[in-house]
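Each remark here refers to the structure printed beneath this line.
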Amino acid sequence: MSAARDGIDPMTSQPPLADPGSLRAPAAGSVAEPRDSVAEPRDAAAEGEAARAAALEAVRRGGHHVVLGAPGSGRSTTALEVMASLAELGGTDDLLLLAPTRRAAGRLRDALAARLPVTVGRVMVRTPASFAFSVLRARAALLGDVPPSMLTGADQDAVLTEMLAGHAEGVGRNPVWPDEVPSEALTLSTFRHELRDLLMRAAEAGWDGAELVRRGEAHGRPAWSAAGRVLTEYEEITRLGETTPDRGRRYDVATILDEAVQALAAWELDLPGHPRPRLRAVVHDDYQDATLASARLLQVLADDGAQLVLLGDPDVAVQTFRGAVPALLDRATTGPAGALGGVAWPTAGRGRARGGAAERAVVGEFGAQTHVLPTVWRGDDRLRGVVAAVTAGLPALGDARRRRALPAIVTDPDGAPTSSVTVTVLRSVPEEARCIARTLRTHRLRDGVPWSRMAVLVRASGQVAALRRGLRAGGVPVATAQGEVPLREEPAVRPLLRALALAALPDGEPLPPEEVTELLLSPVGGLDAVAMRALRRSLRGAEAAAGGQRSSADLLVEAVEADDVPEAVPYRLRTGLRRVTRVLRAGRGALAQEGPTLEQVLWAVWDATGLAPVWRRRALGTGAAAERADGDLDAVLALFRAAESFTVRHEGAAIGGFAAYLEAQEFASDTLAATGERSEAVTVATAATAAGLEWDVVAVAGVQEDVWPDLRLRARLLDPVGVSDLATGRGDAPLRPIDARRAVLADELRLLASAVSRTRAHLLVTAVQDSDTRPSGLLDIVDPPDPDSEVDRPVTAVPPALDLRGLTAALRREVLHPTSSRRAAAAGELLALLAAHAVAGADPATWWGTAMDSSTRELWTHEEQVRMTPSDLTTLDQCALKWALTQAGGRAGSYVAAELGTLVHGIAADLPHGSEAEMLTELDARWSSLGLGDGWPDRLQRRRAENMVRLLAEYVIGVPGEVDAEQAFAVTVGRADLTGRVDRVEHLSDGAVRIVDLKTSSTRVSVADAEHHPQLAAYQEAVLAGGFPDASVGGARLVYVDGAAARPGVRDQAAPTPEDPWTTRLIADAATTMASATFTATTGPYCGGCPVAGSCPAQDAGARVVGP
-3 MSAARDGIDP
7 MTSQPPLADP
17 GSLRAPAAGS
27 VAEPRDSVAE
37 PRDAAAEGEA
47 ARAAALEAVR
57 RGGHHVVLGA
67 PGSGRSTTAL
77 EVMASLAELG
87 GTDDLLLLAP
97 TRRAAGRLRD
107 ALAARLPVTV
117 GRVMVRTPAS
127 FAFSVLRARA
137 ALLGDVPPSM
147 LTGADQDAVL
157 TEMLAGHAEG
167 VGRNPVWPDE
177 VPSEALTLST
187 FRHELRDLLM
197 RAAEAGWDGA
207 ELVRRGEAHG
217 RPAWSAAGRV
227 LTEYEEITRL
237 GETTPDRGRR
247 YDVATILDEA
257 VQALAAWELD
267 LPGHPRPRLR
277 AVVHDDYQDA
287 TLASARLLQV
297 LADDGAQLVL
307 LGDPDVAVQT
317 FRGAVPALLD
327 RATTGPAGAL
337 GGVAWPTAGR
347 GRARGGAAER
357 AVVGEFGAQT
367 HVLPTVWRGD
377 DRLRGVVAAV
387 TAGLPALGDA
397 RRRRALPAIV
407 TDPDGAPTSS
417 VTVTVLRSVP
427 EEARCIARTL
437 RTHRLRDGVP
447 WSRMAVLVRA
457 SGQVAALRRG
467 LRAGGVPVAT
477 AQGEVPLREE
487 PAVRPLLRAL
497 ALAALPDGEP
507 LPPEEVTELL
517 LSPVGGLDAV
527 AMRALRRSLR
537 GAEAAAGGQR
547 SSADLLVEAV
557 EADDVPEAVP
567 YRLRTGLRRV
577 TRVLRAGRGA
587 LAQEGPTLEQ
597 VLWAVWDATG
607 LAPVWRRRAL
617 GTGAAAERAD
627 GDLDAVLALF
637 RAAESFTVRH
647 EGAAIGGFAA
657 YLEAQEFASD
667 TLAATGERSE
677 AVTVATAATA
687 AGLEWDVVAV
697 AGVQEDVWPD
707 LRLRARLLDP
717 VGVSDLATGR
727 GDAPLRPIDA
737 RRAVLADELR
747 LLASAVSRTR
757 AHLLVTAVQD
767 SDTRPSGLLD
777 IVDPPDPDSE
787 VDRPVTAVPP
797 ALDLRGLTAA
807 LRREVLHPTS
817 SRRAAAAGEL
827 LALLAAHAVA
837 GADPATWWGT
847 AMDSSTRELW
857 THEEQVRMTP
867 SDLTTLDQCA
877 LKWALTQAGG
887 RAGSYVAAEL
897 GTLVHGIAAD
907 LPHGSEAEML
917 TELDARWSSL
927 GLGDGWPDRL
937 QRRRAENMVR
947 LLAEYVIGVP
957 GEVDAEQAFA
967 VTVGRADLTG
977 RVDRVEHLSD
987 GAVRIVDLKT
997 SSTRVSVADA
1007 EHHPQLAAYQ
1017 EAVLAGGFPD
1027 ASVGGARLVY
1037 VDGAAARPGV
1047 RDQAAPTPED
1057 PWTTRLIADA
1067 ATTMASATFT
1077 ATTGPYCGGC
1087 PVAGSCPAQD
1097 AGARVVGP
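Under our numbering, the residues of the sequence shown are numbered -3 to 1104, in order.
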């Protein structure tokens, strides 16, 4: 290998920064200026065309070539031109265009198809892994073997999960993890991901398990040795399935390239008479993102006569976290300029088949001729200056002339600006999203830029979801993203998996209540938390009325399994129950068919949900709901693709195992299938994902400290980066922490250089500054501060959104808080115009504090009867507004005290003359229905309940006569329909009856207040009105059996007399109040526990915050 250039090892990723924790704008002289400093101006466009033509001509003459170019210099276009030129010379059958990622390969494939004059019958554009797979597939076909398959990242993760779980239980080989790897870490997904990264880096370096063990011992890394033993076991497990005659070899992305290298090296030995696949030329775009394994594959192809054309720029490598080596571009120009072909392939046995390129001490030295594209066609000199400033801090890899590339477009100082570069600091992440949304809407409305020509880029995928939500809230359509989370976590997929698993349960096995609840709360059931609580209460109420004691969870399961929805369930809640029932029965019906396939059962479940037409109609609309439906449909399609893949990869597996298989996956699975895309939407992506793309407007978000750059050393527990250090020749040992941190900073700068170079016209870079976050020093590189200023970059306040909602808010603010009478008058006129077009919020009649009463209609007309219960009268007596609001649904949820009271009332009803022992026995039998535990609060409730029962027994023993329990009544008193149920009707010796109401609360009314207690008065009026046949009124009584009291409390109310029918007047007055249109808020001792205090104007919590 050649000596280091400029004193820097060509394979290092260390930028010349003394302190990686301190980022400053480069000195003026260190940044490539947009304009050349020579006396005579250069014609950048002419130079660019000439350089490309010269490179093409050199390629046509033969030999290996490296084409370097800054972002936007036309490298990919040159790659396509090279392919077209070589196709003219000798056809397309032996040409191959490689790209490091599938997205990039897909884009190049479409572009090449449009560029070539003829239709090509074979795939000319692939990733290195895809080409390697095609080689192995062709080899298997010639050998008569079953076609091979690829292990996805999710498959690998599932295998590692099972292996580590087995090790914890003593199954398999003990890797002997060192003390630095605690046993608790082995169960964490983050450890498993780091382990997978280490194994993949070792595989890309060409190391097997034994080699990783040896390297760990040589460098004092016992964790590597343990991981090497895991790698050996992993390789054995993944080959177990290959022992069956119906399943071929399985490869993962990290090892498939070297497998292809070995297959090509041993081709004549394994397949005599079949010529080895040979290529005339291989063009590799974005070679800065190639791995060592890719270089080994290219080496073997070059040794077999293939011409190599490698295009890239080390300054914008974005795949280093996956093992990319940017310095491979520089290495490709070293070594002897060898002639094409003439390699001596190994002829020894299979065990020595890794000869030739596979055994070279240094891989990737092709002696290639260097060409530099001197012109940037994307953006003008202002944008080019930003990119040059960022790349100036990177190590000098390759020919430095690419950094001096000039833009084809130069800003006219006297003309309108053709581009913009804006750096903005915001006070929070939501503010950042609003700022970006406003900027994008500005370009859409003012400049007419299509949404699809805009993008928002971030450093990490974890930032994407919050930005998407913020942009949608700001009225910006956002493109749907797939594959960022595990499939099982998709909201549209999870209920389908749950339904599939429940349908596959063995006959007779009950449905788990928590999973039934999850289905009801999912899009399948369509219930929200409020509706679910109402459903539980209705089922529990019906159960209690029937004398049952089952929990609401058990009742939910019974309701889902029942043929008919229970009558107690309100009609509005029945649809969700019926849909869940239909889905489960559809799944069971499909499973009962002869030889059902997974796809058939899954389709039956999906079809039964009825969600397809609903989501389709919604997806064809606009707004956030349309985007959500679009994403949900894509997720369902991905689920069916996963089912198809599972069937192929796990032939014979139980259908119910598919749900368990996806549940075990911790991250998104790869897919080659396309998903639906909204034609006009903004892209939100990571900088790595956006590589190779361009937009007119680009916002780079989240450029704050510890986010971008993130200088934390990646995966230090197992240190997979150390494996790459050794494999790439950075030294005889892994890098020191300070050097590793420099390498991380270089990667962060490359990501930023790639991100800011994606725009053709407008660049916005944002950061957040709050109590915990401060802007990154990278902002000073993009937008250098005034060296004479000591003021920090200001925090920007976001103006109102550029939509009707923002305009309305701004106009309303001017009207209510005018800055001038003229502006206020103009704002009023505009508001009137908006109101005339029914713009929400524009009409003053709809503003808070100004709207009239929505209704002045009485609750009951004069011709209607007023329905009431005795307890209504108590509430009405306390506060009329409280009664009205609680009748409208403002009741407190169920709590232990209320459930305990219901339990004691049930015992009193069943044992009207029960002894203390009998009632305590019944309490034991019913206690479990409360669902309490064994904690001290639960034990306290038990003691309270036991005392209640003792007080109740003490009272009933003193009333030996005939008693009717839980007696219902319904009478009409004037315009009031009075209905209710009495706890005890005690028959007195004179033939009269006494109405008794049991109270379990600790608040007792006074003796004086009891004489006119409204609830007791209503009971007595019911007796007078004939609610209890052949009974005369003998008074009423409140009996308090609070668990904290020593004796039962008794409060009596005398029977009304014909001379003073005050109970009748009380009912009539109550009916008049209830039927009115206004209700008065009355303060008093009951306000402290009022469930509707938050809506009461007499309370601070419910007072109006806006005046009329």
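Positions of the beta carbon are idealized from the N, C-alpha and C atoms, including for glycine.
The segment 429 to 446 and the segment 693 to 709 touch, with no fewer than 3 CB-CB distances between them shorter than 8 Å. For Phe1075, the secondary structure class from DSSP, reduced to helix, strand or coil, is coil. About 13 Å separates the CB atoms of Ala495 and Gly585; that is not less than 8 Å, and the two are not in contact.
Under the 10 Å beta carbon count, Pro716 is surrounded by 16 or more other beta carbons and is classified as buried. Around the Cβ of Ala555, a 10 Å sphere holds 16 or more other Cβ atoms; the residue is buried. Each residue's CA atom was taken as its position, placing Ala540 and Ala1014 some 25 Å apart. Note that the segment 225 to 233 does not touch the segment 118 to 129; fewer than 3 beta-carbon pairs, one per stretch, sit closer than 8 Å. Excluding five sequence positions before and after Met159, the CB atoms of its chain that fall closer than 8 Å to its own CB belong to Gly168, Val226, Glu229, Tyr230 and Ile233, given in chain order.
Taking each of Leu1034, Ala1021 and Arg990 in turn and checking the Cα distance to Asp1005, the smallest one comes out for Leu1034.
Proximity of the segment 992 to 999 to the segment 962 to 971 falls short of the contact definition, fewer than three beta-carbon pairs being nearer than 8 Å. Classified as buried, Pro322 has 16 or more neighbouring CB atoms from the shown chains inside 10 Å of its CB. Here Gln1016 is not near Val1037, since their CB atoms are 8 Å or more apart. Inter-residue distance for Arg818 and Ala634 is about 58 Å (C-alpha atoms, whole angstroms). Leu974 is a Cβ neighbour of Ala1018, given a cutoff of 8 Å.
A straight line joining the alpha-carbon of Asp868 with that of Thr1059 spans about 14 Å. In the assembly as shown, Ser850 is an exposed residue. Its beta-carbon has fewer than 16 other beta-carbons within 10 Å. Listed as beta-bridge partners of Leu64 by DSSP are Gly308 and Val368. With 16 or more neighbouring CB atoms inside 10 Å of its own CB, Val472 falls in the buried class. Excluding the 5 residues flanking it on each side, Ala631 has same chain C-beta neighbours closer than 6 Å at Glu486, Ala488 and Val489, in chain order. Asp743 places its beta carbon 8 Å or farther from that of Thr287. Pairing Leu91 with Leu82 gives a Cβ-Cβ distance under 8 Å. For a cut-off of 8 Å, the C-beta gap from Leu807 to Leu827 is around 5 Å, short enough to register as a contact. Check the Cα spacing between Asp281 and each of Arg274, Ser290, Pro273 and Leu275: the tightest is with Ser290.
Under the 8 Å Cβ criterion, the segment 108 to 127 counts as touching the segment 63 to 81, having at least three qualifying pairs. Residue pairing by DSSP puts Met864 in a beta bridge opposite Leu974.
Per the C-alpha coordinates, the member of Leu803, Glu505 and Leu855 positioned closest to Leu830 is Leu803.
For Arg612 and Ala527, the gap between their C-alpha atoms comes out near 25 Å. Residues of the same chain with a CB within less than 6 Å of the CB of Leu531, apart from the 5 flanking positions on each side, are Leu569 in chain order.
In this structure Val900 is in contact with Ala941, their Cβ atoms being roughly 7 Å apart against a cut-off of 8 Å. For Phe965, the enclosing beta strand (DSSP E) stretches over residues Val959 to Val969. Three or more beta-carbon pairs separated by less than 8 Å are not found between the segment 210 to 225 and the segment 243 to 258, which leaves the two stretches without contact. Gly976 sits close to Thr865, with the two beta carbons spaced by under 8 Å. The three-state secondary structure of Pro609, taken from DSSP, is helix. By DSSP's assignment, Ser145 forms a beta bridge with Arg246. In this structure, the alpha-carbon of Glu1007 lies about 31 Å from that of Glu860.
By the 16-neighbour rule on beta-carbons within 10 angstroms, Pro783 is exposed.
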